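Okay, so the sequence shown: first residue is 1 according to full-length UniProt numbering, each after it adds one. In this text, a Cβ means the ideal position worked out from N, Cα and C, and glycines have one as well. None of these values were measured; they are calculated from a predicted model.
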Amino acid sequence: MPVSGPDVVSTLRALEQLPGVAEAVATARDACTELRWHQALRRRIPEAAAESRVRGARASAALDGAEIPVDAVRDLMRGAVAWPTDDDAVMQTLRSAVQATAESEHVRPQVGTSPAQALARLHVAAGSPLLPADQVGRPRVAGEDSRELVELGAAPESTEVAERLRGLADLTGAMSAAPALVVAAVVHGEIAVMRPFVRGNAVVARAFERAVLIESGLEPTGVVVPEVGHGKEGVAGYAGALTAYASGSPEGVALWLTHCAQAVQHGAAEGMAIADAVLAGRLS
C-alpha cells in the first residue's frame, strides 16, 4: 500500500482512524511515556539502550529463523567472544540482525532527512554477511529478484521498487506532523513488501522502524524493544500481519498497524524489564 505524495500527512492521519488503530496507538504511546520516567533512565540510558539493541537483535534474528540465547548475543555484541570464522546460515542470519540493529543507532539522524542513505547504510550492515559485495547497500536492478517473504507474493520489479523508494522520503518527512507510530509501521511494511534488496529486507525493515521510533521522539531513549513485540505471536503472527498489510485492504492495513502498535507496547514492557535489571545491577 504505497503512501506518498503531497497529501501523505492526511493519509497517515486517516490510517490512524481505521478501526482499532487509534486506541492501540494511544496505549503504545502511554507505555513509552511510562518507560521514559523509569528511575534507571535518569542517568543510565546508554546502558539500557545497549541492552535493548542486544535483545532487539536476538528477536530480529529469531524472526528470520535464527534462535540464539540472549546471553550469547550479548557476548558477541560487546566483544566478549569472537564471531566464528566459519559462519553457518544461522550465524550469518544472527550477524545480519546484530549489525543492522547496531547501525540503527547511527542512522537515526538520517531517517527523516536522507532516508535513502539511511536505508543503504542499514543494508550494508545487514547484507554484508549474506550477499556478495556488489549486491550490498543498493536496491535490486533489472534481472535481480528477492525470494524472501514469499508469503507476501512475488517481489515487485526493480522499476516499481525505485518508485516506491522515492515515497520513503515523503513518509519519513511526515514524522513531525503525522502519528509517529503510524509512520514507523507503514515504513516497516513498505520496505518488507517491496523487498528492495536481494536479501536482508526484513532485518532492514525492522531496524529502520526502530530508528524512526527513536528519531520521531515517540521513544527517544532507545530502550523499547519493538522486535520482541513483533515476535510475540511467533514468526507466523508477524508474517500474517505483514501479509495483511500487503493486501492493501483497509482491514489488512488496520491489522498491521494494530500489530505494530502492540509490538511497541510489548517492546516497552521489555524495556521496563531492562530498566529494572539495570537499576538492580543484574545485567552481566
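The C-beta separation of Leu131 from Ala100 comes to about 13 angstroms, leaving the pair out of contact by the 8 angstroms criterion. Ranking Ala277, Gly281, Val264 by CA distance to the CA of Thr27 puts Val264 first.
A Cβ-Cβ distance of about 31 angstroms is found for the pair Pro179 and Ser158, leaving them out of contact under the 8 angstroms criterion. With a 10 Å radius around the Cβ and a threshold of 16 neighbouring Cβ atoms, Trp83 comes out exposed.
Check the Cα spacing between Glu105 and each of Ala155, Arg282, Val223: the tightest is with Val223.
Ala192 sits away from Leu255, with the two beta carbons spaced by 8 angstroms or more. Val187 is positioned such that its CB atom lies closer than 8 angstroms to that of Glu209. With fewer than 16 neighbouring CB atoms inside 10 Å of its own CB, Ser176 falls in the exposed class. When secondary structure is reduced to three states using DSSP, Ala50 falls in the helix class. In this structure, Leu279 places its C-beta atom within 8 angstroms of the C-beta atom of Ala40.
By the C-beta density criterion, Pro196 is buried, having at least 16 other C-beta atoms within 10 angstroms. In the three-state scheme derived from DSSP, where H, G and I count as helix and E and B as strand, Asp64 is classed as coil.
With respect to the C-alpha of Ala126, the residue from Ala142, Leu94, Val9, Pro109 having the closest C-alpha is Leu94. In this structure the segment 11 to 19 does not touch the segment 231 to 238; the number of beta carbon pairs closer than 8 angstroms is below three.
Annotation for Pro109: the continuous alpha helix (DSSP H) segment containing it runs 89 to 111.
When DSSP assignments are scanned along the UniProt domain "Fido" (114 to 259), no uninterrupted stretch of beta strand (DSSP E) that is 3 or more residues long falls wholly within it.
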